[in-house]
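A short worksheet on the structure shown next.
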Amino acid sequence: MLSWLLATPGRLYVVATLLPLAVFALLLIGGGVRAVCRPYRETHGFARFCYFFLGGHKPLKSGAYLATAGIAASAVLAVIGLVRFLDDSHALSPIEVEHRWAERTSWAEVGATESGPAIALDLGYRIDHLTALLFAMVACVSTMIFVFSLGYMHDEMEETHEDHEAHVKRPGRYGRFFLFLSLFCFSMLNLLIADNLFQVFISWELVGVCSFFLIGFYHERRSAGLAANKAFIVNRIGDAGFMIGLAIIWTYFGTFNFQEIFTKLASDGPPMPAYLFAIAGIGVFLGCVGKSAQFPLHTWLPDAMEGPTPVSALIHAATMVAAGVYLVGRCYPLFSPDVRLLIAYTGMITLFLGATIALVQTDIKRVLAYSTVSQLGFMMLALGIGGWVAGLMHLLTHAFFKALLFLGSGSVILGCHHEQDLRKMGGLRRKMPITAFTMLVGVLAIAGTPFFSGWYSKDLILSNAMGFALHDNQHMALFIVPLFTAGLTAFYMFRLWFLAFTGQPRDHASEHAHESPLTMIVPLMILAVPSIIVAWGWPLWDPHSSSLAHLLEHAKPGMANGLDREDETHLAGWLALAAAALGVTTAVFIYVLKKVDPASIQAKAGALYGFLKEKWYFDEVYDAMFVRPTIALGFCSARFDKKSTPAAQAEVADRTMNVTSLDGVLNVLGLGTLAIGGKLRVTQSGYIRRYVTVLMVATLAFVAVFVAVYFVG
Amino acid sequence: MENADDMIEHDLILMSLVIFAPAAFGLLVLFFPPKWTEAVRWCALIGAAATLILSLCLLIDYHSLLNRQSDRGLRSMHHPSTQLDARIDESMRRDTNAVRWPQIGDDLVASVPWISRFDINFAIAVDGISMPMIVLTTLILFFAVIASWGIEKNVRAYFALLLVLETGVLGTFFATDLFLMYVFYEIVLIPMYFLIGIWGGGRRKYAAIKFVLYTLVGSVFILVAIIGLYFTNVRDFVDTATVDDRAAERMKENPRLSKESAESREYHTFSIPILQRAGQAAMLRLNGQGDRLADRDSKTEGKVNILGRGVKTEDAINRMNQPFFSANFQYVLFLLLFVGFAVKVPIPPLHSWLPDAHVEAPTPISMVLAGVLLKLGGYGIIRLAYPICPWAAEELSLFVGCLGAFAIVYGAFVAMGQTDFKRLLAYSSVSHMGYVILGFAVWSTGAKSQYWAWGMNGAMFQMIAHGITSAGMFFVVGVIYDRAHHREINGFGGLMTTMPLYGGLSAILFFASMGLPGLCGFVGEVFVVLGTWNYNPGLAIPAILATVVTAGYLLWTWQRVYLGVSTNPVNSTYPDVTAREAIVLGSFCLLAIALGVLPQTLVLAWMEPSVTAQVEALAKLKP
Amino acid sequence: MSLDVVLFTAIASAIAFSALAVVFSRNIVRSALWLLFTLIGVSLLYFLLGAEFVGATQLIVYVGGTMVLVVFGVMLTAQQQFLKIRIRPQEWLVAGILASALFVLLVTTSFHLGEGKNSPPAEPMPGSGPLGVGFLTQYLLPFEIISVHLLVVLIGAAYLARAKRRPGGNRD
Amino acid sequence: MTELGLTPYLCLGAFLFCCGLLCIATKRNAIGILMGVELVLNAANVNFVACARYVPQFALEGQVFALLVIVLAAGEAAVALAIILNFYNNHSTVDVDKADELKG
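Chains as they are written, first to last, in the numbering used here: chain A, 1 to 713; chain B, 714 to 1336; chain C, 1337 to 1508; chain D, 1509 to 1612.
Shown next as structure tokens:
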């Protein structure tokens, strides 16, 4: 086994990816066996042994530890892999690196005919700087979140747990949480190391399913069920677009492998008409929009907050939603210039949309959800305008501090006995100092204060935006809106912090708040460190000198080189800083010094406040435009196919001769033949004389024919 | 020369055993005294298990046949001599001069004269297209027998009919003689009528009669086509030696027959491979490429060698003025066969029998109906309709493709509007079988013929995958029906909390039928969609968007049945799945995962060569 | 006007008249009587045609046997109300039209058929000798069948006409 | 009038045939129908014997046929009469229109 591992270092990553899958399989089988043995635990000795060995009535704690150990091991492997890959890439030539860090096998081969070899769908991995960095980030963040959720999900341990929202008694589900979390980690890591679009698509949908199960973890709550469905279906719409892109690529390139596609693209351009190439690009981007909750398909992310907080932290902040940005970065050459422009504008709309809605949210997790939507908008904007490195760097830094913020909010919620409403919190600084301090770090980082990781990446994005806007000032909005939104971001993040941690507790929940246990505090502190230092580079005060940026520079696809136009004069940096400062001062002005009462602003804003509170009415619009018509179409086509009558009248309905539905046509055919039979019956009247008359007519006819044929003819 | 013991054809014995073992056990079950219900069930189970094991041996046999003759080079297992036509041609050649070359016992082709007057023989064979269907049938019937443990009403008759049904289905898949296939195709109907009519639900009579009449109309179409085929003189596509032997035999039987001259000798047959060659010749002629016809042994490039040995191309061409080789006869023949099998698939305008049959049939029967009987339609199309009239199939491929795409979208939307769980699954079967039809229709030729190979293999795989997921899903409904005695989706709720194991297993089946990667539903759909775009994007886009609607209605059902808290308290009193139910559900889930993760090693390795060979044979006909 | 033409017209007109009388007479007994005259007319026709044996058989079997049966039937069932059963005039009309149309057609056929054969051939009709030989050699099979047929008819008629014993004493 | 040809005989046969049919179609008394049948049979016989007379090679067959018809007519009349009497005994009527139990 070890020899296989050391054959090529790339396999390190394969093992790291498969570890969570192994854990998932183990937990699944364990849970299954336990469930099968439950009814027979009294009668059969062996079943009794299995049942209690696998945890008996109380869910098993060791399952969770196994899962955490699994993900921790893959995190260690990831870091080792990163280190080895970095020095390999320095020392060896690209071909040599290619050989050691990329492999693939065929998954399904079809069509091996005389006219050519079989074109195969294959699975494989290929490690480059981007993958190595992201892999390490995802693994480490996941490990932190696993450790955090050991503590957070503690109340799922009891035998009968009373769900505080759905008020129903149910057995604890501690093991199942880690089951789906490990499956998610596997599919996320698999997505990163994939070397072809098909494998990305497979893990794309697997990740969607894991988010479906995790959002719907508390499936007694009706809202959780609805949110899970919504998330999966909206993702599925994105995946449908992705599949259309895949189909076009498959038809014209004949392969899904990134390298082969990029070399063919670089050598002789897209082998299909321009509009089809654009559609392929848009298709793949639609997949990313669905997954990263960009403008048209963003409505599912805030509802995904129904899931437990570690889920929101892991899936809906750090990793899954980042997958969309990663994919845009990975298949960058696939996007033609005008598709890139579309990406930029989608990003711009999303970031503005997310920020404005986050301003008025009162639920702590919803604020963070919308801030995630907004930050993802920033990344898409950066990628759209050619700032490949800026976008992906922001992806990396954002993952750390957003995970920190979410975990902080989790600890706050647990501290305040499952209270999520900011208006009921206050003054938690004194009761939960460490959470308060670590969240402050996160808030500072996201607001873009200097020397924090957020500053480096956001600054780079804004300078790219400025460069792009100056270069082609028709797109000036692409710089103005993000600048303004940077200010908004600072405002709503500090608003959250001040509402939660400063002032006096406004509700008994926040009065009796208590600091979370150690297993939750340690991850917060550990995550606070990278939120500050991950993007540092020498010299410290120069935002463009981030070490992370240099690393990512290596992985930039060839064609993206000429695109990014950084503004050398740091003007964008200063402007961003000014905007952020403005945002912070207004927040302090309103929430700390209480010069202006927020309620009065709401009164003045009136309709605008309602508009923002209702999340720009997207849910209602989509419901009216898509959901309700589809269901209506479903019901009327069902009605067209068979008029569903209750069983009692069904017998009669089938006898009536009206074509009410496609199925009715059949009944009519049947009854028609019955009617014809009825008519023919009448001719047998029983009177002999009538039969004789018929006889005479018949003979007359025969003789007439006979005469006509033989004698007249 | 072959040694003596090859004289006995092992493959004939094994194949006939697989076909008739279920019927034998079925009859055996009838002799049990009525009170021994438990013994009857176990006997039926042993019968089904024996057939399953036999079919698996056959699969291993077939796999080794492919291995033995595969050239290890580029295309392992694709050696032309392993293809069905080559093997049948070889065994027919050995028939004629049996003295020098006795039949080889392991070529998995066997033919015993049955009604020699009309040249109908008990011709059975196995290749990559029929083998997966056979294994699927025995598998699903085995689980259906396990699922039938709850049947109480006259148990003996039930199991006898079920096992005879299995014989009918298996026979259809084995037969390479049209007449034999038609006989087995009809045998399937009678047990099905009684199974639905006696053990069914509320309006079983209506459903049973509707099912049988509808399918009979379909099979009448097929019968007309078969007779049309029989009256074609196909002497050019058989070796001249065989034709002369046949004429000599006829002379021996009734000497007073006027002596036919060598020229006017006729050869009529029901054998599928020969009719396939005639169909291909018709396509060449109608495409104006008669000159590409060549003798079977000629090696010239670009020629299609489908004529019998010793037949000259010129007189083969001028013998082609029979009706069979005219355009409208090909159209009529294809439409007859296609509509006949489309009723079975079913394709929307002709699908009205499926929801009623499913709703009224008992659980094990709707498992069999959905898992196996729908595949008869698909198998008929790929085995008969396409190879025998390729020209009309190619002309109408857009029409067939549109039907397939319409089926997918229509099935999905109608399923969304259902409130009865089984009716919903019936329509979802219609939608999934739409992929199969779409996969067949994506006719692309020349260098791009590989995309059609993807479509066809996707369709075949989708049939297997749908067989497993739909049978599993119907069993899921059966389990909850045994407890709740109603199938109203809105009447359930919160089953995930009351029956966690049941919830978990049905989650796997729900997502498999939704086409989640890593499970079997995904593989078929992706192959078909990837193959379709090259043929016509207008068909691929609805097929792709329909996956969203499929996800919609399945998840909506999932949410109403499993999530949330149930409105009426009785839902929370249901016991979790028993061991028996867990075995069936568990094995379906295991199959779904295994086929989703390893399609190549488990299925494609031995199924794909035959499907691709058929695609290649038809694709090279078009210029 | 040779002798047989005169004879033929006389007999033919007699037959025709009595046939019409059978049809149009309302009383069943009177029509039975006219039927008798028709049959006798026909046997005379046979004699005219030179088929004496057939004429004789007709007289004996048909007139003697069948007519007696018919008369028996009439007598046994001749209750008052069945003597004159009326039927609606339009049935007459329909039947009349059809019969006359048929007659016209048949007459045209007979003119076509009878074109070439105006004069009767020289040699006489085969008498009872050749007929007897014919029956026992060439037409042996129909001869045997007809005998079996008569036996069956005999048994059948006897069985059908036996007086039914009503349970609990008979009527008279 | 020239020689007596075959046609007059055939016309007579046709006339008898039509009268017989007319009689069957119009009589409501079962015996009346029986008489109609007798007329039709006689018409056939006339044709047979006439043709036997005028077509030399048909001479023997014609007479044989005529004889057979006569014998058969006798048998048929016997059976018909038995049926009618039976019907009369059971339903005390001979009117044909009453015997319509067999209607569809």
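Ideal Cβ placement from N, Cα and C applies to all residues, glycine included.
These figures come from a predicted structure and were not determined experimentally.
- Chain-ordered listing is empty here: chain C has no CB closer than 9 Å to the CB of A675/A, the nearest sitting near 29 Å.
- Here R41/A has A47, R48, Y51 as same chain residues with Cβ atoms under 6 Å from its own Cβ, once five neighbours each way along the sequence are excluded.
- Only residues of its own chain outside the window of five on either side were considered, and among them G1391 have a CB closer than 8 Å to the CB of F1383/C, listed in chain order.
- In the assembly as shown, D1603/D is an exposed residue. Its beta-carbon has fewer than 16 other beta-carbons within 10 Å.
- At least 8 Å separates the beta-carbon of K1057/B from that of G1180/B.
- Within the DSSP secondary-structure output, P1336/B pairs in no beta bridge.
- At a cut-off of 3 residues, not a single continuous stretch assigned as beta strand (DSSP E) sits fully inside the stretch 377-406 of chain A.
- Taking the Cβ atoms as the reference, Y152/A lies roughly 33 Å from P296/A, outside the contact range of under 8 Å.
- The alpha-carbon separation between A736/B and A888/B amounts to approximately 16 Å.
- When C-alpha distances from I1078/B are compared across M1186/B, I1202/B, L1252/B, Y1092/B, the shortest belongs to M1186/B.
- Interface annotation for the stretch 884-902 of chain B against chain A: empty, criterion Cβ-Cβ distance under 8 Å.
- A direct Cα-Cα distance of roughly 11 Å separates N946/B from A1029/B.
- I909/B is positioned such that its CB atom lies closer than 8 Å to that of R917/B.
- Note that the C-beta distance between A293/A and L359/A is not below 8 Å.
- Taking all protein chains in view, the Cβ of D890/B is crowded by 16 or more other Cβ atoms within 10 Å, so the residue is classified as buried.
- Nearest CB-CB separation between H1485/C and chain A: not below the 8 Å threshold.
- For the 8 Å CB-CB criterion, N1284/B and T1182/B do not form a contact.
- Around the Cβ of W388/A, a 10 Å sphere holds 16 or more other Cβ atoms; the residue is buried.
- Interface residue (Cβ-Cβ distance to chain A less than 8 Å): T1444/C is classified as such.
- Residue pairing by DSSP places H792/B opposite no residue, since no beta bridge is assigned to it.
- Counting every other CB atom within 10 Å of its CB across the protein chains shown gives Y617/A a total below 16, marking it as exposed.
- For the stretch 699-711 of chain A, the beta-carbon criterion of a distance under 7 Å to any beta-carbon of chain C is satisfied by T699, L700, V703, A704, V707, F711.
- As DSSP reads the structure, G124/A sits in a beta bridge with R104/A.
- When only Cα atoms are considered, M1403/C and I1347/C end up about 20 Å apart.
- Sorting A994/B, E1014/B, L999/B by C-alpha distance to the C-alpha of L1006/B places A994/B at the top.
- In this structure, DSSP gives H544/A a helical state, which the three-state scheme calls helix.
- Separation of C1102/B and E1108/B (C-alpha to C-alpha, rounded to the nearest whole angstrom) is 10 Å.
- Secondary structure at V825/B: strand, using DSSP grouped into helix, strand and coil.
- Among the CB atoms of chain C, one or more fall inside 8 Å of the CB of R689/A.
- Membership of L1311/B in any alpha helix (DSSP H) is not indicated, and neither H nor E is assigned to it by DSSP.
- Contact annotation for A1431/C against chain A: R689, V692, T693, M696 [CB-CB distance below 9 Å, chain order].
- W1156/B counts as buried, since at least 16 other C-beta atoms from the protein chains shown sit within 10 angstroms of its C-beta.
- Judged by beta-carbon spacing, M846/B lies beyond the 8 Å limit of Y775/B, meaning their Cβ atoms are not closer than that value.
- With respect to the 8 Å criterion, H544/A and L460/A are classified as neighbours on the basis of their beta carbons.
- Here S371/A is buried: its Cβ has 16 or more other Cβ atoms, across all protein chains shown, within 10 Å.
- H514/A sits in coil when the DSSP states are folded into three classes, being neither helix nor strand.
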